[in-house]
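Reviewing the structure listed below.
Chains as they are written, first to last, in the numbering used here: chain H, -19 to 216; chain E, 168 to 379.
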């Protein structure tokens, strides 16, 4: 059972997006998306852990017996998370201080164990690594979009404090949309995250419905010249 | 006896996994240990240097730390260190003391107060807080320069009555929509000043050799 890469991509980014469809890992998602830089930081960390853990799980899939597969997977995920935490502390210390407790919480992000158990342990290394990467990317993208929306609505800035992640030169990336914006507290606080996620999911559903309707009408459109014939099946 | 064999096998497998993953973490820890220590030190000295910029003193303040006497007077929950800023003749120019404001709006506010030998405030910075973003977080220098209004103040300027926010009849501004936070910080700064007066000789003379 091998899934083509194009389908993996579509699944991770859209159809089965961990944040919007599976609704997994919501705790960090809601907690750290107050700004783009925080969202990107946690998104990248999750992406790394997910890719590495999927690769490792796939590598050992033939050795692990069914009875101990879950503890073994959790151990792998936990150790990668611990490594990422140490690396972040060493090379992005200030961001680490902001994200703090949410880095260790990556272990409990169900989407990671979910991918390990649902995909990685049944597939060869390359597709498994790719699945982890693309799922992580889908998660990170949603995080960044929410972060951007909350940052714009909450404090009328975009890409503030990017130097925490990309070094001093990134301090100039900050975009100030309005100088005397009073700030909109709800967007910055956790309820704002819930609202934004809700709206994004709703928007995704609308897009999906449009796509479906378009596909349906295309399918039902009678072939030219067949208008007057009684057609029971589809002519295509 | 199949189950027993399986249990043994699984146990060994899990143990192997434990060993391998722990080894991975241990290696990463070894590799990043020094960088992390360096980063932590940098982060700490950044806060100190904001109050006492590098050109105002001639020692590395992190090397001249000292345990604070009766730390609970500062609201601190555990023993902590203060820091000395010295001139080239090893006279104490200023003492930097951490204070904990426990009466903030949400959680503890950790404040660092720099007090010069003449009992006036060199500078105040908030080290960590969980105050409401957009309201209470204006105590953070990144958000507003309110915290600079303490510069140069002392126990006699203003007199004790003035050491509160304007809403309470004092001299320091409160933010619109957030009084509790600046009130807590103002009280903490006052507490640091009073602590300094009480332990004055102890705090100022404590500047022996660099300890590391």
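From the three backbone atoms N, C-alpha and C, an ideal C-beta is built for every residue, glycine too.
Please report how far the alpha carbon of residue i lies from the alpha carbon of residue j, in whole angstroms.
| i | j | result |
| --- | --- | --- |
| residue 286 of chain E | residue 330 of chain E | 15 Å |
| residue 317 of chain E | residue 290 of chain E | 7 Å |
| residue 278 of chain E | residue 268 of chain E | 7 Å |
| residue 157 of chain H | residue 194 of chain E | 45 Å |
| residue 111 of chain H | residue 356 of chain E | 54 Å |
| residue 78 of chain H | residue 185 of chain H | 33 Å |
| residue 303 of chain E | residue 181 of chain E | 49 Å |
| residue 69 of chain H | residue 22 of chain H | 13 Å |
| residue 320 of chain E | residue 55 of chain H | 55 Å |
| residue 39 of chain H | residue 189 of chain H | 39 Å |
| residue 84 of chain H | residue 322 of chain E | 45 Å |
| residue 224 of chain E | residue 283 of chain E | 12 Å |
| residue 199 of chain H | residue 193 of chain H | 10 Å |
| residue 265 of chain E | residue 1 of chain H | 47 Å |
| residue 24 of chain H | residue 274 of chain E | 29 Å |
| residue 162 of chain H | residue 136 of chain H | 9 Å |
| residue 338 of chain E | residue 326 of chain E | 10 Å |
| residue 197 of chain H | residue -5 of chain H | 21 Å |
| residue 182 of chain H | residue 63 of chain H | 36 Å |
| residue 52 of chain H | residue 150 of chain H | 40 Å |
| residue 26 of chain H | residue 205 of chain E | 25 Å |
| residue 258 of chain E | residue 32 of chain H | 55 Å |
I'd like the list of long-range same chain contacts for residue i, defined as Cβ closer than 8 Å, with 5 residues on each side in sequence excluded.
| i | result |
| --- | --- |
| residue 209 of chain E | none |
| residue 306 of chain E | 276, 293, 296, 298, 313, 314, 348, 349, 352 |
| residue 336 of chain E | 328 |
| residue 4 of chain H | -2, 89, 90, 91, 94 |
| residue 217 of chain H | Shown here, chain H extends from -19 to 216; a query on residue 217 of chain H therefore has no answer. |
| residue 379 of chain E | With a pLDDT of 45 at residue 379 of chain E, under the threshold of 50, the predicted position of this residue should be treated as unreliable, though the coordinate-derived value follows. The residues are 230. |
| residue 148 of chain E | The structure shown does not extend to residue 148 of chain E, since chain E is modelled only from 168 through 379, so no value can be given for it. |
Taking Cβ positions only, does residue i come closer than 8 Å to chain H?
| i | result |
| --- | --- |
| residue 191 of chain E | yes |
| residue 206 of chain E | yes |
| residue 186 of chain E | no |
| residue 199 of chain E | yes |
| residue 347 of chain E | no |
| residue 203 of chain E | yes |
| residue 254 of chain E | no |
| residue 301 of chain E | yes |
| residue 196 of chain E | yes |
| residue 315 of chain E | no |
| residue 342 of chain E | no |
| residue 171 of chain E | no |
| residue 297 of chain E | no |
| residue 400 of chain E | There is no way to answer for residue 400 of chain E, as the model of chain E reaches only from 168 to 379. |
| residue 180 of chain E | yes |
| residue 177 of chain E | yes |
| residue 359 of chain E | no |
Using a Cβ cut-off of 8 Å (strictly closer), state whether residue i contacts chain E.
| i | result |
| --- | --- |
| residue -19 of chain H | Reliability of the predicted coordinates at residue -19 of chain H is poor, the pLDDT of 48 falling under 50, and the value obtained from them is presented with this limitation in mind. It does not: the Cβ of residue -19 of chain H has no partner Cβ on chain E nearer than 8 Å. |
| residue 55 of chain H | yes |
| residue 170 of chain H | no |
| residue 165 of chain H | yes |
| residue -12 of chain H | no |
| residue 106 of chain H | no |
| residue 51 of chain H | yes |
| residue 62 of chain H | yes |
| residue 216 of chain H | Model confidence at residue 216 of chain H stands at a pLDDT of 49, short of 50, so the residue's coordinates are unreliable; what they give is reported in the following sentence. No - not a single Cβ of chain E is within 8 Å of the one on residue 216 of chain H. |
Strictly by DSSP, which residues pair up with residue i?
| i | result |
| --- | --- |
| residue 234 of chain E | E:248 |
| residue 281 of chain E | E:263, E:290 |
| residue 360 of chain E | Per DSSP, none; premise fails for residue 360 of chain E. |
| residue 128 of chain H | According to DSSP, which records beta bridges pairwise, residue 128 of chain H is partnered with nothing at all. |
| residue 345 of chain E | E:342 |
| residue 268 of chain E | E:276 |
| residue 299 of chain E | Residue 299 of chain E pairs with nothing; no bridge assigned. |
| residue 324 of chain E | E:321 |
| residue 155 of chain H | H:138 |
| residue 67 of chain H | Bridge partners of residue 67 of chain H: none, in fact. |
| residue 253 of chain E | E:259 |
Assuming residue i contacts residue j (C-beta within less than 8 Å), just tell me the rounded distance between them.
| i | j | result |
| --- | --- | --- |
| residue 117 of chain H | residue -8 of chain H | 6 Å |
| residue 221 of chain H | residue 177 of chain H | Residue 221 of chain H falls outside the range modelled here, since chain H spans only -19 to 216, and no answer is possible. |
| residue 138 of chain H | residue 301 of chain E | 17 Å between Cβ atoms; not a contact. |
| residue 12 of chain H | residue 19 of chain H | 6 Å |
| residue 47 of chain H | residue 177 of chain E | 5 Å |
| residue 217 of chain H | residue 35 of chain H | Since the first and last residues shown for chain H are -19 and 216, residue 217 of chain H lies out of range. |
| residue 358 of chain E | residue 235 of chain E | About 13 Å; that fails the 8 Å criterion. |
| residue 171 of chain H | residue 82 of chain H | About 18 Å; that fails the 8 Å criterion. |
Would residue i pass as an interface residue toward chain B - the criterion being a Cβ-Cβ separation below 8 Å?
| i | result |
| --- | --- |
| residue 44 of chain H | In the structure shown, chain B does not exist; the protein chains are H and E. |
Closer than 6 Å by C-beta to residue i: which residues in its own chain qualify, once you throw out the five before and the five after it? Chain order, please.
| i | result |
| --- | --- |
| residue 141 of chain H | 17 |
| residue -19 of chain H | Low confidence applies to residue -19 of chain H: its pLDDT is 48, below 50, so where it sits in the model is not reliable, and the reading given next is rough at best. Hits under 6 Å: none found. |
| residue 87 of chain H | 57, 58, 61 |
| residue 270 of chain E | 351 |
| residue 252 of chain E | 219, 224, 228, 260, 261 |
| residue 134 of chain H | 164, 167, 168 |
| residue 232 of chain E | 248, 250 |
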